[in-house]
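Participant: If you number the sequence shown the way the working numbering does, the last residue is 740 and the count never jumps.
Starting off with a structure, shown below.
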Amino acid sequence: YFISGRYLKQGTFFEGDEVGGNKQYNLRSNLDFSFIDNLDISLDVSLRQQDVTNSNVRYAAVFQTSALTSPLLPKFINDDPRYPAAGRASQNPIAMFRAKGYNENDRMNQTIIGNFTYRIPGLEGLSIGGFASGAFANDDYKNFDIPWTYYVPNMDDPSGTPVAQQAGQLKLEQGHDKSRLVTGNLNVKYVKTINEHSIDGLFQVEKQTYRRDYYNAGNDDFLSSASDYFDSASTSRDASWVSGAAEETARISYSGRLNYNYKGKYMLQALFRYDGSEKFAEGKRFGFFPGVSGAWLISEEDFLKENSTLSLKVKASWGQLGNDRIPAYNYLSRYVFGNSTVVNGKTITGVRESGSSNPDVTWEVTESLNLGVEASFNKLWLEVNLFDMQTKDILATPQLTLPQYTGIQPPNQNIGQHQNRGFELETMYRDKICDFNFAIGGNVSYT
């Protein structure tokens, strides 16, 4: 077992910033169990609590303003630290920090991973395993912007008290953001060597779900900065806003591979993936993506094996890979608020379709073909690879113009294509002079 904890406290490095700071608490444990023979279980837990408070002054803006401010502009009026000057565009960082506005973030991250492996008795090389993991995040934030006060010379009495001016806005913004990512995996493995034949197989099923919920509210009409709560703000709808949403995704994958090796000179691999994604409509959610590769270590053949300074291998591979990293719900019609109208003396907000749907949207597919040769002779090493990569069914919007009276735009469709092919050449020379080892190499690619 392994258990550790950590506490971190940091302050700010800006002079005059009495708000900024960071506190972080970490707890981690790794536990391994062996209750019965042939069964291994592990549980890993990680917790992190982070409390971050920053001045409402944007630190990036401080650096930008400091770099752009003319050195001829004064920091203070009459060199009196009580009266910070306007600076550039009324953004004197000294005055801004004194306002004591803040941005608070309370973040909690939790990660839990459990693994197991069971080696089946009587069947050497066969095992069942899997894992379950969860990643949970919660973020509560509160931003309170307070106007800052700067000073300008008193034109009526240049030696008298400078005149106070204000910049910025009194505003409160608060929100919550939480998410969870849950993954489950179950697999079967088989590893076996019979004489000079080696077999390595794997089949697994994996499911992943993700959900995020968040909201945000704010108000920019406060009588005073004495209270940083919404009940001290105006109830006017024009001064307040609120927004929120949720999103979720889910995937399931069935995959497998089979490796075969004979005498270390003939190597074959076959693999497949059968992936399902909720981003597509029923009937279009699953895609099958196979692959195969092989290599021949020619230098291990009897007619070359006596040459111990030569290594020569040829290899080839072909495979397909699916991509579902596209905007969700292309297969559904979506609606948003539109223009308003007056009905019976009342203002009615309209609703309109934001775009047309396409239930036939499906996976983008990339197909790759690679051929290569690796060779080394004495101190010289060389590798040459030829590749041809084609991507089809790329999601794109067709260049069509529909009549305006339809009120819609053409839907996204799997119509795009892309091809990338060429070669890569890499070489290296290694040698030794006395106790000095050196290597000189280079590479060339054409695509």
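Cβ atoms here follow ideal geometry from the backbone N, Cα and C, with glycine treated the same way.
In this text, all values refer to a predicted model and were calculated from it rather than measured experimentally.
For the candidate residues GLY394, ASP493, GLY380, ALA430, whose alpha-carbon lies nearest to that of GLN458?
Facilitator: It is GLY380 whose Cα lies nearest to the Cα of GLN458.
Participant: Round the Cβ separation of LEU324 and LEU336 to the nearest angstrom and send it over; I've been treating them as touching at under 8 Å.
Facilitator: Sure, about 5 Å apart at Cβ, within 8 Å.
Participant: Are the CB atoms of ASN705 and LEU693 nearer to each other than 8 Å?
Facilitator: It is not a contact, given that the beta carbons lie outside the stated cut-off.
Participant: Quick one: is ALA392 buried, meaning 16 or more other Cβ sit within 10 Å of its Cβ, or exposed?
Facilitator: It is buried - the Cβ of ALA392 has at least 16 other Cβ atoms within 10 Å.
Participant: Which term fits LEU463, buried or exposed, when burial requires 16 or more other beta carbons within 10 angstroms of its beta carbon?
Facilitator: That one is buried.
Participant: Looking at C-alpha atoms only, which residue of LEU614, VAL312, LEU495, ASP432 is the closest neighbour of GLY468?
Facilitator: Nearest of LEU614, VAL312, LEU495, ASP432 to GLY468, Cα basis: ASP432.
Participant: May I have the straight-line CA-CA distance separating LEU366 from TYR522, to the nearest angstrom?
Facilitator: Between LEU366 and TYR522, the C-alpha separation is close to 37 Å.
Participant: What distance in whole Å lies between the Cβ atoms of GLY309 and PHE390, which are believed to be in contact at a cut-off of 8 Å?
Facilitator: Contact holds; Cβ gap of about 4 Å.
Participant: Is it right to say GLU657 is buried, meaning 16 or more other beta carbons lie within 10 angstroms of its own, or is it exposed?
Facilitator: So GLU657 counts as buried.
Participant: What is the DSSP secondary structure of PHE515, counted as helix, strand or coil?
Facilitator: PHE515 falls in the strand class under three-state DSSP.
Participant: Exposed or buried, which one is PHE437 when buried takes at least 16 other CB atoms within 10 Å?
Facilitator: Buried is the call here.
Participant: Report yes if the CB atom of VAL629 is closer than 8 Å to the CB atom of SER647, and no otherwise.
Facilitator: Yes, they are a contact pair.
Participant: Just checking my contact of ALA388 with PRO374 at CB under 8 Å: how many whole Å lie between their CB atoms?
Facilitator: Not quite, the Cβ-Cβ distance comes to about 11 Å (not below 8 Å), so this is no contact.
Participant: Which one of PHE429, THR684, ALA382, LEU416 has the shortest CA to CA distance from TYR443?
Facilitator: If we check each option's Cα against that of TYR443, ALA382 comes out closest.
Participant: Could you tell me the boundaries of the beta strand (DSSP E) in which ILE439 lies?
Facilitator: Segment: none, ILE439 is in no beta strand (DSSP E) and carries neither H nor E.
Participant: Could you tell me which residues DSSP pairs with LYS500 in its beta bridges?
Facilitator: DSSP output for LYS500 lists GLY477, ILE545 as bridge partner(s).
Participant: Taking only the alpha-carbon atoms, compute the straight-line gap between ASN480 and LEU340 and give it to the nearest angstrom.
Facilitator: Whole-angstrom Cα-Cα distance: 28 Å.
Participant: Excluding the 5 residues flanking GLN384 on each side, which residues of the same chain have their C-beta closer than 8 Å to its C-beta?
Facilitator: Taken in chain order, the residues that qualify are ALA354, THR358, ALA460.
Participant: I need the straight-line Cα distance from VAL677 to GLY615, nearest angstrom please.
Facilitator: Their backbone Cα atoms lie some 27 Å apart in a straight line.
Participant: Using three-state DSSP, classify GLU417 as helix, strand or coil.
Facilitator: Coil, per DSSP.
Participant: Measure the alpha-carbon distance for TYR547 versus ARG618 and round it to whole angstroms.
Facilitator: So the alpha carbons of these two residues sit roughly 18 Å apart.
Participant: Grouping DSSP H, G and I as helix and E and B as strand, with all else coil, what is ILE487?
Facilitator: Note: ILE487 maps to strand in three-state DSSP.
Participant: Can you tell which of GLY304, SER327, ASP344, PHE328 has its C-alpha closest to the C-alpha of ASN319?
Facilitator: Minimum Cα distance to ASN319 is reached at ASP344.
Participant: Is LEU693 helix, strand or coil by DSSP?
Facilitator: Coil.
Participant: Provide the residue(s) that pair with GLU646 in DSSP beta bridges, ordered along the chain.
Facilitator: Beta-bridge pairing links GLU646 to TYR628.
Participant: Buried or exposed: which applies to ASP686, given that a residue is buried once 16 or more other Cβ atoms fall within 10 Å of its Cβ?
Facilitator: Buried.
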